[in-house]
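According to our numbering, the sequence shown is numbered sequentially starting from 12. Don't be surprised by glycine CBs; every beta carbon is placed ideally from N, CA and C. Being a predicted model, the structure only gives us computed values, none of them experimental. First the structure, in the form of structure tokens, and then the observations on it.
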Amino acid sequence: MAINRRDNDLQRVFTRRALLLGTAQLGLFGLLAGRLYYLQVLESDKYALLAEENRINMRLLSPRRGRILDRFGTELASNRRNYRVMIVAEQSRNVDATLDALGNLIQIDEGQRSRVKREIERHRKFVPVVVAENLSWEDFAKINLHSPDLPGVQLDVGETRDYPYGAAFSHVVGYVGAVSEAEIGNDPLLELPGFRVGKSGVEKVFDERLRGRAGHSQLEVNAYGRAIRELERTDGQPGDDVVLTIDAELQRFAVDRLAGESAAAAVMDIHTGEVLCLVSNPGFDPNWFNVGITQAQWKSLSTDKYKPLINKTIQGQYPPGSTFKMLVGLAALEAGAIDANTHVFCPGHMEFGNATFHCWKKGGHGTMNMISALEESCDVFFYEAARRIGVDKIAEIAQKLGLGTATGISLTAERKGLIPTRAWKRGALGQPWHPGENLITGIGQGYVLTTPLQLAVMTARIANGGYAVEPHIIRPGDGLGPLEDQRPASQRYPSLNIKREFMDMVREGMVRVTSPPRGTAARARIMEAQYAMAGKTGSAQVRRITKLERETRVRKNEEKPWEERDHALFVAYAPIQSPRYACAVIIEHGGGGSTAAAPVARDLLLETQRLDPSRRNRAAPGPTTARNPQPPRGTGAVSGAVSGAAAGPGSGPEQGG
């Protein structure tokens with residue numbers, strides 16, 4: 012009985028344990044089944060996506076950058092094939108040996124070798140690293156020929172920016188360069204290796220418009236991230252083309268005409284505001300920045316005393332000299348300080364207080380009215396006009412004519428110049444305005460600073476009868492060919508509210524400037540009557556002429572060091588009978604405006620009228636193979652912002668107007 016009872020107890024224990032174990036197993040299998048159901052049914056889409064993401068690698072594709080065209084469709088910035096060679100460390104038995112072998116075929120300097128090794132260390136061994144790009148076809152073919160002996164070397168054909176005219180459009184079109192850390196932001200497109208963004212000029216101002224939208228590629232990869240094959244490819248959306256108002260033919264003519272000079276020139280339509288030519292010389296080759304400028308190239312540009320990186324047309328600030336006299340005459344007429352019958356006698360100087368203000372003509376001009384004073388560029392007449400009205404009245408008209416403020420043209424780093432007032436001097440220098448400074452301001456010296464483009468705008472507003480034309484460099488939409496809208500400025504822009512009779516007097520003076528026998532620019536006039544121009548000469552001092560020099564002998568410009576010679580200026584419009592184009596030219600340290608700047612302006616206006624960009628038929632747009640070499644470097648330096656403080660009471664004005 013005892014044995015049976017013990018067996019029964021053991022049986023009950025075994026049964027309880029089996030039940031507990033079975034329950035536990037059932038619960039465990041239930042949990043596993045539930046988890047499997049959750050993962051494979053409820054969460055199937057999520058994990059299928061994750062698995063697919065592990066298998067599929069999405070990569071952005073750079074879009075083709077939009078072109079920059081002149082008004083007739085000539086390509087000023089386009090895209091060309093980029094032949095490049097890369098190395099895959101995993102496939103190369105010895106990276107150094109492979110680089111040595113490549114170095115026997117193409118030039119590879121120590122900087123390139125160091126960069127390649129750094130990038131190989133940062134990336135996985137199967138990721139291609141660029142060794143050299145923008146190779147010539149000859150070098151590319153040479154590497155192809157020897158590729159069986161170059162383990163790990165890969166050849167690739169992509170696209171890169173190209174500037175076929177080189178320096179001729181460097182300051183207008185600008186250039187692209189590698190993306191800096193500060194520029195990356197939240198746009199993943201900017202993180203693509205080798206992607207370029209606009210750094211200056213139109214390339215920078217319209218960078219997003221030119222950039223386009225990225226495409227993408229689906230690559231099947233293995234567990235290590237190595238690409239196996241491309242599954243799908245969607246090309247990016249190319250950037251928009253940008254059409255400029257510039258006439259490439261006229262621009263190239265201007266570059267050639269200014270070769271050998273440190274200078275700037277601007278030509279614009281006085282009715283539409285279209286800028287047809289905008290040249291700063293010397294320029295630089297923008298292709299250097301695109302392909303990666305070398306230290307030697309950067310040093311040559313940044314240390315060059317002629318400052319080729321400065322766009323003188325909108326960044327160079329210069330005293331306007333006698334080109335300012337038209338504005339002073341208008342201000343005096345508007346203020347009622349002078350009229351058509353006002354006469355001033357010029358003995359060659361003017362006494363004011365204890366200072367003597369000299370005219371450029373030592374013996375004087377005799378009796379002058381406003382028109383004859385403009386014709387012969389008499390300083391004494393405008394000393395007197397400025398004395399009567401003061402600097403604030405001059406500043407008021409100057410601002411109406413577009414001086415002292417940025418024009419707003421779509422280019423980078425434009426400077427606004429300086430038109431002084433009494434309040435400006437008190438605020439900026441903490442000094443009162445002296446009456447003698449009115450006289451210096453009256454001939455465009457002292458604190459007055461302008462840019463060449465501002466002078467072109469001033470001339471255009473005078474030539475069109477007093478309407479606030481604004482310069483622009485971008486054409487809307489397709490924008491190719493001649494304008495359909497030929498309305499005059501009076502129907503496009505607001506009036507400056509300057510009396511027509513005063514404008515007529517100033518224009519008559521400008522016509523006399525280019526007319527014999529007394530006009531200061533008569534020798535540089537356009538002989539063809541239908542193309543004849545009116546203008547105003549100017550020579551701006553960059554140093555003060557001392558009293559001792561006045562008493563002994565004032566050196567001629569050609570006797571001075573280049574940096575001490577006067578700037579030569581000329582502003583003009585043409586044709587006289589029906590004005591259409593305005594022009595401004597500055598030759599840095601060129602001497603007299605009549606001898607250095609006026610002949611250049613004459614040639615530019617004559618060529619502009621012969622080409623007549625406002626009416627010429629459009630050319631067929633498309634790639635061009637023409638290439639304009641960098642123009643010869645000028646013989647002088649860019650002075651940048653010339654200090655007006657160098658000319659003060661007692662200093663002489665321009666020589667030769």
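Cα-Cα separation, residue i to residue j
{"i": "residue 175", "j": "residue 90", "result": "10 angstroms"}
{"i": "residue 592", "j": "residue 279", "result": "6 angstroms"}
{"i": "residue 631", "j": "residue 322", "result": "At residue 631 the pLDDT is 41, less than 50, meaning the model places this residue with poor confidence; the figure from the coordinates comes in the next sentence. Near 30 angstroms, if we compare the C-alpha coordinates of residue 322 and residue 631."}
{"i": "residue 505", "j": "residue 341", "result": "18 angstroms"}
{"i": "residue 616", "j": "residue 265", "result": "10 angstroms"}
{"i": "residue 344", "j": "residue 356", "result": "18 angstroms"}
{"i": "residue 606", "j": "residue 337", "result": "20 angstroms"}
{"i": "residue 485", "j": "residue 116", "result": "45 angstroms"}
{"i": "residue 272", "j": "residue 598", "result": "7 angstroms"}
{"i": "residue 79", "j": "residue 252", "result": "6 angstroms"}
{"i": "residue 188", "j": "residue 87", "result": "17 angstroms"}
{"i": "residue 498", "j": "residue 489", "result": "20 angstroms"}
{"i": "residue 650", "j": "residue 261", "result": "In this prediction, residue 650 has a pLDDT of 32, which is less than 50 and means its spatial position is unreliable; nothing more can be read from the coordinates."}
{"i": "residue 325", "j": "residue 482", "result": "12 angstroms"}
{"i": "residue 143", "j": "residue 496", "result": "50 angstroms"}
{"i": "residue 368", "j": "residue 529", "result": "23 angstroms"}
{"i": "residue 155", "j": "residue 199", "result": "33 angstroms"}
{"i": "residue 314", "j": "residue 353", "result": "52 angstroms"}
{"i": "residue 397", "j": "residue 339", "result": "7 angstroms"}
{"i": "residue 227", "j": "residue 46", "result": "37 angstroms"}
{"i": "residue 608", "j": "residue 549", "result": "9 angstroms"}
{"i": "residue 221", "j": "residue 443", "result": "50 angstroms"}
{"i": "residue 255", "j": "residue 263", "result": "15 angstroms"}
{"i": "residue 225", "j": "residue 170", "result": "14 angstroms"}
Continuous beta strand (DSSP E) stretch holding residue i: start and end
{"i": "residue 170", "result": "164 to 173"}
{"i": "residue 95", "result": "86 to 98"}
{"i": "residue 209", "result": "207 to 211"}
Contact under 7 angstroms by Cβ, residue i with residue j
{"i": "residue 453", "j": "residue 393", "result": "yes"}
{"i": "residue 185", "j": "residue 213", "result": "yes"}
{"i": "residue 512", "j": "residue 382", "result": "no"}
{"i": "residue 348", "j": "residue 405", "result": "no"}
{"i": "residue 74", "j": "residue 223", "result": "yes"}
{"i": "residue 577", "j": "residue 546", "result": "no"}
{"i": "residue 100", "j": "residue 131", "result": "yes"}
{"i": "residue 11", "j": "residue 163", "result": "Outside the shown range of the chain (12 to 668) lies residue 11, about which nothing can therefore be said."}
{"i": "residue 474", "j": "residue 281", "result": "yes"}
{"i": "residue 741", "j": "residue 332", "result": "In the structure as shown, the chain begins at 12 and stops at 668. Residue 741 is therefore absent and cannot be evaluated."}
{"i": "residue 211", "j": "residue 418", "result": "no"}
Backbone secondary structure at residue i - three-state DSSP
{"i": "residue 149", "result": "helix"}
{"i": "residue 589", "result": "coil"}
{"i": "residue 502", "result": "helix"}
{"i": "residue 352", "result": "coil"}
{"i": "residue 274", "result": "strand"}
{"i": "residue 280", "result": "strand"}
{"i": "residue 144", "result": "strand"}
{"i": "residue 548", "result": "strand"}
{"i": "residue 644", "result": "Here residue 644 scores only 35 on pLDDT, less than 50, and its place in the model is too uncertain to base an answer on."}
{"i": "residue 372", "result": "coil"}
{"i": "residue 638", "result": "Model confidence at residue 638 stands at a pLDDT of 35, short of 50, so the residue's coordinates are unreliable; what they give is reported in the following sentence. Here residue 638 sits in coil by DSSP."}
{"i": "residue 217", "result": "coil"}
{"i": "residue 124", "result": "helix"}
{"i": "residue 36", "result": "helix"}
{"i": "residue 51", "result": "helix"}
Endpoints, the alpha helix (DSSP H) within which residue i is located
{"i": "residue 464", "result": "463 to 474"}
{"i": "residue 313", "result": "306 to 313"}
{"i": "residue 379", "result": "Here residue 379 belongs to no alpha helix (DSSP H); instead the beta strand (DSSP E) covers 377 to 379."}
{"i": "residue 181", "result": "181 to 184"}
{"i": "residue 446", "result": "446 to 453"}
{"i": "residue 298", "result": "298 to 302"}
{"i": "residue 412", "result": "Careful: residue 412 lies outside any alpha helix (DSSP H) and carries neither H nor E."}
{"i": "residue 264", "result": "259 to 268"}
{"i": "residue 621", "result": "609 to 622"}
{"i": "residue 192", "result": "192 to 195"}
Residue(s) in a DSSP beta bridge with residue i
{"i": "residue 363", "result": "366"}
{"i": "residue 523", "result": "Paired residue(s): none; residue 523 is not in a bridge."}
{"i": "residue 254", "result": "80, 486"}
{"i": "residue 460", "result": "429"}
{"i": "residue 286", "result": "279"}
{"i": "residue 292", "result": "274"}
{"i": "residue 226", "result": "72"}
{"i": "residue 398", "result": "DSSP output for residue 398 lists no bridge partner at all."}
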